[in-house]
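Novice:
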Amino acid sequence: MLRPGNAGANTAADHIAVLEQALAQIPDAHRHGTGILIRTDSAGSAKAFLTHIRALHSRGIRTFFSVGCPVTEPVRRAIRALPEHVWHPALEQDGSLRTGAETAELTGLVDLDGYPEGTRIIVRRERPHPGAQLSLFDVDEGMRHQVFLTDTPYGEGSLQHLEVRHRAHARVEDRIRCGKTTGFGRFPSRHFAINQAWLELSLTALDLLAWMRTLLLEGELATAEPKKLRYRLLHAAARITRGGRRLHLRISATWPWRNELTSAFARLAALPRPAT
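Have a look at this one:
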């Protein structure tokens with residue numbers, strides 16, 4: 016959504032307003048009765064925001080949170096106090112071990128007074144990659160530390176699972192980067208309403224590309240970013256012709272990705288038609 020330039024930012028009230036607007040877009044059948052996980056970076060760790068997430072339960076909206084947490088001095092003291100045997104190997108998204116990374120529970124070692132009941136605090140440490148931005152604490156420890164809060168109860172997923180689940184929120188950065196190449200990196204007008212329409216069209220393009228990769232493509236193209244898809248498929252050397260009361264797409268026989276494009280059209284034609 017496009018918001019006015021004077022809209023608040025990085026305050027609990029602003030986060031609550033954005034969350035309410037996001038939830039309002041979910042159909043009632045899914046907004047009520049289905050668990051909804053709210054993931055943010057450390058900007059969303061304000062107590063008031065997390066309290067609001069918990070309070071949504073009273074409206075029949077089962078929201079839960081997994082939000083980044085600043086590495087404050089109390090958190091640093093707790094990390095230093097952890098014995099080595101409580102650290103567990105961290106995992107990749109596919110379940111394999113993540114090289115040089117470990118995770119541990121900090122709940123009970125950090126004061127979480129004022130947070131919703133049942134809030135847990137978890138830390139991951141990892142050997143920093145070249146060029147990583149490190150705090151003085153990270154440099155001193157020789158490890159990069161990331162901390163997050165969650166209200167997922169014990170027994171509903173291992174520590175490693177919760178950490179992997181939280182880390183996956185970073186994919187939003189990929190969506191933002193892709194979005195900037197599909198239109199909302201630069202708005203065309205000084206008029207707010209025109210830019211609102213532009214943003215909706217850009218988001219529609221981004222959604223269509225995501226569904227195309229999921230349903231119609233495979234291999235390398237199934238994970239390709241818009242720039243590659245634009246060059247290989249959307250800018251294909253082809254022309255539209257008419258014949259037998261039908262439209263035909265004539266793809267150049269020399270186009271390197273003609274088979275991928277024709278396969279995508281075949282998969283599209285094979286999809287079941289919507290019920291409505």
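To convert, take the position in the sequence shown, counting from 1, and add 15; that gives the numbering used here.
The C-beta atom is built at its ideal place from N, Cα and C for all residues, glycine as well.
1. Could you tell me the alpha carbon to alpha carbon distance between Ile41 and Pro271, rounded to whole angstroms?
2. Is it right to say Tyr130 is buried, meaning 16 or more other beta carbons lie within 10 angstroms of its own, or is it exposed?
3. Secondary structure at Gly194, three-state DSSP: helix, strand or coil?
4. Buried or exposed: Pro19, going by 16 or more other Cβ atoms within 10 Å of its Cβ?
5. Starting from the N-terminal side, write out each stretch of the alpha helix (DSSP H) that is 4 residues or longer and does not extend beyond the stretch 127 to 198.
6. Whose C-beta lies closer than 6 Å to the C-beta of Arg273 among residues of the same chain, with five residues either side of it excluded?
7. Name the two residues that bound the continuous alpha helix (DSSP H) containing Pro296.
8. Within the same chain, show all residues whose beta-carbon is closer than 8 Å to that of Leu216, passing over the 5 residues directly before and after it, in chain order.
9. Check the DSSP bridge columns for Thr325 and list the partner residues they point to.
10. Does the Cβ of Pro104 have 16 or more other Cβ atoms within 10 Å, making it buried, or fewer, making it exposed?
11. Kindly identify the DSSP beta-bridge partner or partners of Glu120.
12. What residues match up with His103 in a beta bridge as DSSP calls it?
13. Does the stretch 126 to 142 touch the stretch 151 to 170, meaning 3 or more C-beta pairs lie closer than 8 Å?
14. Using three-state DSSP, classify Ala251 as helix, strand or coil.
15. Which residues does DSSP list as the beta-bridge partners of Ile266?
16. For the alpha helix (DSSP H) that Gln40 lies in, which residues bound it at each end?
17. With which residues is Val125 paired in a DSSP beta bridge?
18. Determine the direct distance from the alpha carbon of His47 to that of Asp56, and round the result to whole angstroms.
19. Under the three-state reduction of DSSP, which class applies to Gly234: helix, strand or coil?
20. Please report the straight-line C-alpha distance between Leu236 and Leu244, rounded to a whole angstrom.
Specialist: On the basis of the supplied data:
1. As a first step, residue 41 must be located in the sequence shown, where it is residue number 26. As a first step, residue 271 must be located in the sequence shown, where it is residue number 256. Roughly 41 Å between the two C-alpha positions.
2. In the sequence shown, residue 130 corresponds to position 115, counting from 1. Answer is buried; the Cβ neighbour count reaches 16.
3. Looking up residue 194 in the sequence shown gives position 179. It is helical.
4. Counting from 1 along the sequence shown, the entry for residue 19 is found at position 4. Counting Cβ neighbours within 10 Å, Pro19 comes out exposed, since fewer than 16 surround it.
5. 151 to 156, 174 to 182, 186 to 194
6. On the sequence shown, position 258 is the one that residue 273 refers to. Excluding positions up to five away in sequence, the list reads Ile266.
7. Nothing can be reported for residue 296: it is not among the residues displayed for the chain, which extend from 16 to 291.
8. As a first step, residue 216 is located in the sequence shown; it is residue number 201 there, counting from the start. Gly198.
9. There is simply no residue 325 to check, as the chain begins at 16 and stops at 291 in what is shown.
10. Within the sequence shown, numbered from 1, the residue matching residue 104 stands at position 89. Result: exposed.
11. One-based indexing of the sequence shown puts residue 120 at position 105. Looking at the DSSP assignment, Glu120 forms a beta bridge with Ile137.
12. If you number the sequence shown from 1, residue 103 lands on position 88. According to DSSP, His103 bridges with Thr118.
13. yes
14. Within the sequence shown, numbered from 1, the residue matching residue 251 stands at position 236. In the structure shown, Ala251 sits in coil (DSSP, three-state: anything other than H, G, I, E or B).
15. Within the sequence shown, residue 266 is the residue found at index 251, counting from 1. Ile266 pairs with Ala253.
16. By one-based count along the sequence shown, residue 40 stands at place 25. Looking at the DSSP string, Gln40 is not in any alpha helix (DSSP H), and its letter there is neither H nor E.
17. Taking the sequence shown and counting its residues from 1, the one referred to as residue 125 is at position 110. Answer is Thr122, bridged to Val125.
18. Residue mapping note: residue 56 aligns to position 41 of the sequence shown, counting from 1. Residue mapping note: residue 47 aligns to position 32 of the sequence shown, counting from 1. In a straight line, the C-alpha of Asp56 is about 25 Å away from that of His47.
19. As a working note, residue 234 is residue 219 in the sequence shown. DSSP places Gly234 in helix when its eight states are reduced to three.
20. Taking the first residue of the sequence shown as position 1, residue 236 is located at position 221. Taking the first residue of the sequence shown as position 1, residue 244 is located at position 229. Approximately 7 Å between the Cα atoms of the pair.
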